[in-house]
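Beneath this line is the structure, given in structure tokens, with notes to follow.
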Amino acid sequence: MPATVIVGLQWGDEGKGKATDFLAEPVTLVVRGHGGDNAGHTIVVGDETFKLHLIPAGVLYPHITAVIGSGVVVNPETLIAELDMLAERGIDTTKVRASGAAHVILPYHRALDTAREASLGNGRVGTTGRGIGPAYEDRAARTGLRMEDLLDRAVLERKLVRVLKEKRAVLDSLGAEASPSAEPLVEQALGWGERLRPHIVDTTWLVQAALRRGDHVLVEGAQGTLLDIDHGSYPYVTSSNAIAAGACAGAGIGPLQVDEVMGVTKAYATRVGSGPFPTELHDEIGEGIASRVLNKIDILSGIDPIRLCIAYEIDGRRVEAWPSQADLLERALPIYRDFPGWTEPIHDVRTLRDLPENARHYVTAIEEQAGVPIVLLSVGPERTQTIERAWRPMRHQPVVPG
Ligand code: GDP
Numbered sequence: 032m033p034a035t036v037i038v039g040l041q042w043g044d045e046g047k048g049k050a051t052d053f054l055a056e057p058v059t060l061v062v063r064g065h066g067g068d069n070a071g072h073t074i075v076v077g078d079e080t081f082k083l084h085l086i087p088a089g090v091l092y093p094h095i096t097a098v099i100g101s102g103v104v105v106n107p108e109t110l111i112a113e114l115d116m117l118a119e120r121g122i123d124t125t126k127v128r129a130s131g132a133a134h135v136i137l138p139y140h141r142a143l144d145t146a147r148e149a150s151l152g153n154g155r156v157g158t159t160g161r162g163i164g165p166a167y168e169d170r171a172a173r174t175g176l177r178m179e180d181l182l183d184r185a186v187l188e189r190k191l192v193r194v195l196k197e198k199r200a201v202l203d204s205l206g207a208e209a210s211p212s213a214e215p216l217v218e219q220a221l222g223w224g225e226r227l228r229p230h231i232v233d234t235t236w237l238v239q240a241a242l243r244r245g246d247h248v249l250v251e252g253a254q255g256t257l258l259d260i261d262h263g264s265y266p267y268v269t270s271s272n273a274i275a276a277g278a279c280a281g282a283g284i285g286p287l288q289v290d291e292v293m294g295v296t297k298a299y300a301t302r303v304g305s306g307p308f309p310t311e312l313h314d315e316i317g318e319g320i321a322s323r324v325l326n327k328i329d330i331l332s333g334i335d336p337i338r339l340c341i342a343y344e345i346d347g348r349r350v351e352a353w354p355s356q357a358d359l360l361e362r363a364l365p366i367y368r369d370f371p372g373w374t375e376p377i378h379d380v381r382t383l384r385d386l387p388e389n390a391r392h393y394v395t396a397i398e399e400q401a402g403v404p405i406v407l408l409s410v411g412p413e414r415t416q417t418i419e420r421a422w423r424p425m426r427h428q429p430v431v432p433g
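Per my numbering, the very first residue in the sequence shown carries number 32; after that it's consecutive.
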């Protein structure tokens with residue numbers, strides 16, 4: 032059975048965690064393909080809230096193998112803390128796997144991230160300071176450390192001695208005080224390796240074996256399409272490909288093995304980090320949405336009219352395609368189509384026909400505008416606060432024990 036990819040369609044925080052958790056139940060393996068602990072999924076099951084930064088959402092089901100693919104950059108401290116947190120809360124983590132080929136975020140990556148952002152002043156990218164970008168840079172420069180290196184003292188010593196010389200010089204030039212030395216870092220890294228040893232495997236083969244067995248695999252995207260390094264508003268983007276193809280590359284899944292891509296979007300847009308955001312609201316509605324943080328269609332109850340941006344005006348011209356060039360986006364004026372709102376809270380609605388009429392119209396308009404069917408609607412953060420719109424084959428597959 033082929034794979035399903037779940038990907039964010041905006042700037043992240045769309046609720047991919049909730050969508051993945053909801054869709055994961057009948058699958059046997061969930062794999063994450065890119066990004067680092069800058070991503071954060073919040074999953075609410077009953078009264079319990081789980082916050083995950085690295086381990087894919089499927090981990091909450093005991094039958095699911097949760098895989099961190101080779102395209103993810105892993106901060107070992109975050110991974111260990113996440114494993115400990117889950118174990119403390121009674122979640123079985125023995126099936127968590129991390130690719131030996133995934134790159135490691137080391138303390139000097141975080142120091143570089145912070146120092147570089149500080150040096151950029153107003154032009155800063157708005158990174159989370161977690162070293163994601165610098166770790167991806169090292170991966171491309173072929174100077175990075177991979178998870179498998181944490182298991183080998185000789186390799187760690189050789190690689191760290193070589194790379195730290197350059198890192199010290201760059202940190203110094205950015206005015207950072209950190210002056211990392213190899214010895215303590217080797218010991219620290221070996222400690223992480225010892226702890227993570229049972230989890231480090233060749234995940235590409237693991238994922239491919241699952242697909243060969245006919246298991247359904249879910250690929251969990253991180254961040255969002257508009258933050259994609261190729262297709263987003265460069266340079267205000269993340270350091271990896273956040274589109275479905277990027278998630279697949281890092282998960283070890285070929286294009287012909289995917290038969291379904293589910294894009295997750297909020298009923299409105301918010302943006303984290305820096306960069307132009309033409310439809311940003313600077314009024315009390317914007318403040319209300321931002322302060323409520325929680326996203327999705329339930330948040331729009333009580334807002335009237337609801338304004339859907341359908342195109343932009345840039346230098347007097349109407350532009351239908353989203354301009355990824357940051358300075359064009361900076362000048363883009365949104366062109367809106369207004370929709371009447373609704374006042375009823377909709378958290379308890381479970382079928383489309385029970386939604387207020389104006390909410391249904393809004394959903395249909397988004398569908399028409401995007402040209403794709405909306406199959407799931409989220410009306411609240413909790414797992415069951417979901418409207419399943421259409422019959423989807425994967426929801427009806429029997430669970431195959433892992
Ligand atoms: P991700 O990065 O795309 O996985 O997004 P998060 O998991 O961080 O989601 C952002 C927030 O939205 C979290 O606090 C979720 O619990 C919350 N959330 C998800 N779906 C809904 C929804 O339908 N309604 C509301 N109000 N909040 C939601």
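Even for Gly, the Cβ is constructed at its ideal location relative to N, Cα and C.
Just curious, the beta strand (DSSP E) that residue i is in, first and last residue?
i      : result
Thr417 : 417-419
Ile345 : 337-345
Thr145 : Note, Thr145: premise wrong, no beta strand (DSSP E); alpha helix (DSSP H) at 138-151.
Asp369 : 364-370
Ala300 : Where Ala300 is concerned, there is no enclosing beta strand (DSSP E), given that its DSSP letter is neither H nor E.
Thr35  : 34-39
Arg63  : 60-63
Thr96  : 96-99
Ser130 : 128-130
Leu408 : 407-409
Leu331 : Taken as a continuous stretch (DSSP letters only), Leu331 belongs to no beta strand (DSSP E), as it is neither H nor E.
Glu413 : Per DSSP, Glu413 belongs to no beta strand (DSSP E) and is neither H nor E.
Glu168 : Element bounds for Glu168: not the beta strand (DSSP E) but the alpha helix (DSSP H), 163-172.
Leu249 : 248-251
The alpha helix (DSSP H) that contains residue i, what's its start and end?
i      : result
Thr395 : 388-401
Val217 : 213-227
Ala88  : Where Ala88 is concerned, there is no enclosing alpha helix (DSSP H), given that its DSSP letter is neither H nor E.
Thr109 : 107-119
Ile74  : Careful: Ile74 lies outside any alpha helix (DSSP H), inside the beta strand (DSSP E) at 72-76.
Ala276 : 275-282
Val192 : 184-204
Arg349 : Looking at the DSSP string, Arg349 is not in any alpha helix (DSSP H); the run it does join, the beta strand (DSSP E), is 348-350.
Val238 : 234-244
Leu257 : Leu257 -> no alpha helix (DSSP H), and no H or E assigned at all.
Thr51  : 47-55
How about residue i and residue j: do their beta carbons lie closer than 8 Å?
i      : j      : result
Gly333 : Gly372 : yes
Val62  : Thr51  : no
Leu258 : Ala220 : no
Leu407 : Arg420 : yes
Val76  : Val127 : no
Ala3   : Ser264 : The structure shown has nothing for residue 3, since the chain only spans 32 to 433.
Ser270 : Gly162 : no
His65  : Ala253 : yes
Glu268 : Ala166 : The sequence shown places Val at residue 268, not Glu. For Val268 and Ala166, no; Cβs fall outside 8 Å.
Ile74  : Lys49  : yes
Val58  : Ile95  : yes
Leu383 : Ile330 : no
Tyr343 : Pro365 : yes
Ala34  : Gln288 : yes
Ala255 : Glu45  : Reading the sequence as shown, one finds Gly at residue 255 and not Ala. Yes, they are a contact pair.
Ser355 : His262 : yes
Closest by CA to residue i, which one among the options?
i      : options                        : result
Leu227 : Arg414, Ile397, Ala112         : Ala112
Ser130 : Leu54, Thr235, Glu119, Ser264  : Thr235
Gly43  : Leu85, Pro376, Asn69           : Asn69
Leu137 : Glu291, Glu208, Ala253, Pro107 : Pro107
Glu375 : Leu110, Ile328, Arg184, Glu208 : Ile328
Glu413 : Ile397, Glu388, Arg381, Tyr393 : Arg381
Gly160 : Glu168, Ile345, Glu148, Asp169 : Glu148
Pro336 : Phe370, Ile95, Leu205          : Phe370
Arg189 : Arg141, Pro286, Ser212         : Ser212
Thr395 : Leu216, Arg348, Leu339         : Leu339
Ala401 : Asp123, Thr145, Thr124, Trp353 : Trp353
Asp123 : Ser210, Arg184, Pro93          : Pro93
His378 : Ser409, Arg170, Ser355, Glu388 : Ser409
Ala487 : Arg193, Asp346, Leu237         : Given that the chain is displayed from residue 32 to residue 433, the structure contains no residue 487 and the question cannot be resolved.
Check: Hey, is the stretch 243-250 in contact with the stretch 190-200, meaning 3+ C-beta pairs nearer than 8 Å?
Finding: no
Notebook entry, point to check: Would you call the stretch 270-280 and the stretch 37-45 touching, i.e. three or more CB-CB distances under 8 Å?
Noted result: yes
Notebook entry, point to check: Are at least three pairs of beta-carbons, each pair with one atom in the stretch 281-295 and one in the stretch 99-110, less than 8 Å apart?
Noted result: yes
Notebook entry, point to check: On the three-pair Cβ rule with 8 Å, is the stretch 69-88 touching the stretch 291-300?
Noted result: Result no; under three Cβ-Cβ pairs closer than 8 Å.
Notebook entry, point to check: Within the chosen definition, does the stretch 132-146 reach the stretch 165-181 through at least 3 CB pairs nearer than 8 Å?
Noted result: yes
Next item on the list: Please confirm if the stretch 205-223 is in contact with the stretch 153-163, defined as three or more CB-CB distances below 8 Å between the two stretches.
Entry: These segments do not touch.
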